[in-house]
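So the sequence lines, in the order shown, correspond to chains B and V.
Start counting the first sequence at 15; every next residue gets the next number (this note's numbering).
Start counting the second sequence at 4; every next residue gets the next number (this note's numbering).
Okay, structure first, notes after.
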Amino acid sequence: MSGERVVITGMGIWSCLGKDLTEVEASLRAGRSGIGFDPVRKELGYRSALTGIVAMPELKGVLSRRQRVGMAEEAYYAYESTAQAFKQAGLEGDIFKKEAVGILFGNDSSALAVVESVDAMRRKKDTTLLGSGAIFQAMNSTVTMNLATIFGLRGINFTVSGACASGSHAIGMGYLLVKQGLQRIVLCGGAQEVNPIAFGSFDGIGAFSVRESDPTKASRPFDKDRDGLVPSGGAASLIVESLSSARERGAPILAEIMGYGFSSNGVHISDPDINGQVRALNMALEMAGMGASDIGYINAHATSTPLGDRVEAQAIDQVFGASRPFVSSTKSMTGHECWMAGASEIVYCLLMMHGGFLAPNINFEGADEASERLNIVQRTTDHRTDVMLSNSFGFGGTNSTLIIKRHDG
Amino acid sequence: MSTTTSLRQDIESKTKAFLSEEFEVDAELVRPEAPMKETLDLDSLDYVDLVVIIEEHFGVKLTADDFAKVRTFEDFFDHIEQRVAKS
């Protein structure tokens with residue numbers, strides 16, 4: 015697939031590992047878990063009260079009341095990560111009047127805002143007492159609506175709801191638009207609310223780890239004793255731009271996006287499927303014009319669920335069994351950042367690529383039959399990696415794979 | 004101090020407090036003779052929030068027709084005082 019070459023010129027992060035790139039890189043290097051215990055969840059009847067502990071941004075004094083009133087929790091996180099990304103990319107001030115910058119964010123819920131407005135409606139029996147922000151907070155597009163307005167973005171503007179692959183698909187869509195020459199710059203990312211209301215139904219299907227006595231050990235992707243995922247969230251932002259635009263602006267080039275593979279399993283609403291995952295992996299490699307041996311590191315989707323990690327390990331082994339690239343799941347530290355994960359994990363990859371290290375898959379203490387075939391990074395490893403692949407899979411059988419490559423000019 | 008004076012003072016102080024805290028307006032600008040819409044720089048969505056916050060603080064709900072009769076903060080205080088006294 016020919017077209018414009020597509021690069022990443024800025025990134026930002028707000029997660030349980032830190033509130034900026036420096037803090038998050040330090041956590042990744044240290045193998046530090048961001049997981050804790052939230053007693054409110056127990057009061058609500060959760061099986062597991064484990065969660066990523068994410069700080070709430072203070073935006074009073076930064077944004078006006080009118081700008082803040084329609085922002086749900088995840089939009090707060092996304093504002094912070096986006097301000098970082100625009101700053102790094104040198105996109106500030108009048109440039110948004112000259113350049114029709116787009117926005118594509120992955121987000122698949124705004125549950126707290128919906129519940130709060132419904133509670134108020136039941137209590138007051140009068141919709142005119144819900145306030146002006148309720149509608150703009152309650153929509154999945156709360157991030158893209160608000161950020162487009164705040165930053166004055168005039169290009170493509172919509173939200174990608176693709177379950178736990180949302181953030182990855184948002185980058186993939188941005189990549190395709192820039193590659194086709196339809197956009198020169200697109201802000202891409204993912205955002206995820208982290209409140210106790212948001213995850214109740216997910217907890218209810220038994221997907222979460224119940225290792226509550228030891229929160230930082232609970233998320234253990236690929237480990238033989240894994241018992242489920244730990245929900246988490248925040249936001250990650252990436253500036254996806256054509257190489258020609260980046261060069262014109264003299265912007266920093268963090269990496270080139272080489273391939274985007276996607277597929278749908280069409281089989282089961284919650285169970286993964288190796289065939290769908292392998293198709294996404296092969297499509298990404300083909301688009302990148304690469305073979306399996308070109309990939310130096312795989313940031314696995316692996317969320318620490320028994321079935322999910324096993325099927326992904328089998329898919330990785332099927333495609334990469336001959337070359338055995340390094341593999342780790344940063345979800346061992348972050349928990350599962352869900353709608354945000356596909357974007358945040360590209361940020362984590364870029365921090366590793368530029369920092370010359372590979373972050374560990376913490377809590378991997380013993381392999382099972384599937385994960386023993388992978389080359390899992392067990393402790394922080396100094397290593398120069400030029401090509402990285404990131405997997406994201408979601409409910410409904412949606413699969414997304416991105417490949418990024420170091421840009422050498 | 005009469006009950007009426009006390010009610011009026013209560014309305015004025017509560018209004019200044021919530022406009023300062025929620026609408027981020029300098030309380031010094033909330034003077035009886037000042038025009039309310041211009042001082043608060045209200046758009047159509049702001050009126051929605053103003054209805055909510057007035058209801059929360061005074062237990063009365065204002066409509067668009069009510070706001071049409073309000074030009075200054077004094078008009079507003081008068082209106083709220085009458086409504087609260089009746090309720």
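Even for Gly, the Cβ is constructed at its ideal location relative to N, Cα and C.
Computed from a predicted structure; not experimentally measured.
Exercise for the section: Please state whether DSSP places N289 of chain B in a helix, a strand or coil. Expected result: helix
Practice task
Indicate whether at least one CB of chain B lies closer than 7 Å to the CB of D29 of chain V.
Solution key: no
Practice task
State buried or exposed for K345 of chain B, treating a residue as buried only when at least 16 other CB atoms are found within 10 Å of its CB.
Solution key: buried
Exercise for the section: Can you pull the chain V residues whose beta carbon is under 9 Å from the beta carbon of S146 of chain B, in chain order? Expected result: S47, L48, D49, Y50, V51, D52, V55
Exercise for the section: State the beta-bridge partners of D237 of chain B as determined by DSSP. Expected result: B:A381
Handout entry: For F79 of chain V, the three-state DSSP class (helix, strand or coil)
Key = helix
Handout entry: Residues that DSSP places opposite N171 of chain B in a beta bridge
Key = B:I117
Exercise for the section: Consult DSSP for F213 of chain B and reduce its assignment to one of helix, strand or coil. Expected result: coil
Handout entry: Length-filtered (3 minimum) beta strand (DSSP E) runs lying within the region 238-302 of chain B
Key = 248-256, 269-278
Handout entry: C-alpha gap between L196 of chain B and D217 of chain B, whole angstroms
Key = 41 Å
Practice task
Can you grab the Cα-Cα spacing for the pair F76 of chain V / D44 of chain V, in whole Å?
Solution key: 13 Å
Practice task
Mind checking who F70 of chain V pairs with in its DSSP beta bridge?
Solution key: BP columns for F70 of chain V are empty, so no partner.
Handout entry: Short CB-CB distance (under 7 Å) between E41 of chain V and chain B
Key = no
Exercise for the section: Report the neighbours of F26 of chain V on chain B: residues whose CB is nearer than 9 Å to its CB, in chain order. Expected result: R79
Practice task
Can you tell me the Cβ-Cβ gap for R441 of chain B and S256 of chain B, rounded? I've got them flagged as a contact below 8 Å.
Solution key: Residue 441 of chain B lies beyond the range of chain B shown here (15 to 423); nothing can be said about it.
Handout entry: Member of B:Y60, B:N377, B:T317, B:G290 whose CA lies at the smallest distance from the CA of T412 of chain B
Key = B:G290
Exercise for the section: Classify K33 of chain B as helix, strand or coil using the three-state DSSP reduction. Expected result: coil
Exercise for the section: Could you give the DSSP three-state label for T412 of chain B: helix, strand or coil? Expected result: strand
Practice task
Count the other C-beta atoms from every protein chain shown that fall within 10 angstroms of the C-beta of D228 of chain B, then say buried if there are 16 or more, exposed otherwise.
Solution key: exposed
Handout entry: Test item: CB-CB of M187 of chain B and L118 of chain B under 7 Å
Key = yes
Exercise for the section: Would you identify the three-state DSSP class for T317 of chain B, choosing helix, strand or coil? Expected result: coil
Problem - C-alpha gap between G24 of chain B and D382 of chain B, whole angstroms - result: 38 Å
Exercise for the section: Tell me whether the beta-carbon of T348 of chain B lies closer than 7 Å to the beta-carbon of S246 of chain B. Expected result: yes
Problem - Touch test, the region 69-82 of chain B against the region 394-408 of chain B, Cβ-Cβ under 8 Å, three pairs minimum - result: no
Exercise for the section: Please list, in chain order, all residues of the same chain as K64 of chain V whose beta carbon is under 8 Å from its beta carbon, the five residues on each side excluded. Expected result: V54, I57, E58
Handout entry: Interfacial residues, the region 17-48 of chain B to chain V, with Cβ spacing under 7 Å
Key = none
Problem - Exposure of H282 of chain B, with buried meaning 16 or more beta-carbon neighbours within 10 Å - result: exposed
Practice task
With DSSP collapsed to three states, give me the class of H421 of chain B.
Solution key: coil
Handout entry: Min CB distance L143 of chain B to chain V below 7 Å
Key = yes
Practice task
Please report how far the alpha carbon of A357 of chain B lies from the alpha carbon of S29 of chain B, in whole angstroms.
Solution key: 12 Å
Handout entry: Exposure of V439 of chain B, with buried meaning 16 or more beta-carbon neighbours within 10 Å
Key = This structure does not reach residue 439 of chain B, given that chain B is present from 15 up to 423, and the question cannot be answered.
Handout entry: Euclidean distance between Cα positions of K17 of chain V and R137 of chain B
Key = 24 Å
Exercise for the section: Starting from the N-terminal side, write out each stretch of the beta strand (DSSP E) that is 3 residues or longer and does not extend beyond the region 84-169 of chain B. Expected result: 116-120
Problem - At least 3 beta-carbon pairs within less than 8 Å: the region 302-310 of chain B vs the region 219-227 of chain B - result: no
Practice task
Using a Cβ cut-off of 8 Å, pull out every chain B residue sitting near E77 of chain V, in sequence order please.
Solution key: Going along chain B, no residue has its Cβ under 8 Å from E77 of chain V, so there is no contact; the nearest lies around 24 Å.
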